[in-house]
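Following my numbering, the numbering of the sequence shown begins with 112 at its first residue and continues without gaps. Using N, Cα and C, we set each Cβ at its ideal position, and we do this for glycine too. Remember, predicted model here, so these are calculated numbers, not experimental data. Single-structure report; data block below.
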Amino acid sequence: MKQLLVGLFIIATLTGCSTMTVQPQQTAKRVNPPTFEETYAFFFWGLVGEERVDVKAVCGDKKPVQMQTQATFTDGLFSAVTLGIYSPHTAKVWCE
112 MKQLLVGLFI IATLTGCSTM TVQPQQTAKR VNPPTFEETY AFFFWGLVGE ERVDVKAVCG
172 DKKPVQMQTQ ATFTDGLFSA VTLGIYSPHT AKVWCE
C-alpha cells in the first residue's frame, strides 16, 4: 500500500502543470504558436528568482493580445528530479 501511495504521489508531481493566462482585452484564447517563448530559471520551488518579459520589445508596433506563464511537463520534470532546487517556468507572448 505504501508503494502505491508513493507511486501515485510521483505521478501526480510529474504530471502537475500550471498555467496563468492574461489577456488585456477579452478575446478567444490563443492556441497558435506564440510570438515569443522563453524558459526562465527559478530555484527552491519558485521562491527564488525574478524574471520579467518586456512585452513592448517583443511585440514592437503590434499590440500584445495574450501573455502566459506556464510550468510545462518538462519544467515539472526538472523540478521533480532536482527536488525543487531548480524550478523552471516558461513565458509566452502572443502579438497581433
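Check	Outcome
Identify whether Thr138 lies in helix, strand or coil by the three-state DSSP scheme.	coil
Which two residues bound the contiguous beta strand (DSSP E) that contains Thr146?	Premise fails: Thr146 is in no beta strand (DSSP E) and is neither H nor E.
From this set, Asp186, Thr185, Arg163, which residue's C-alpha is nearest Val204's C-alpha?	Arg163
Using the Cα positions of Ser190 and Met178, report the straight-line distance between them to the nearest angstrom.	23 Å
Rounded to a whole number of angstroms, what is the C-alpha to C-alpha distance between Gln181 and Glu149?	10 Å
Closest to Cys170 by CA distance: which of Pro135, Lys140, Thr146 is it?	Thr146
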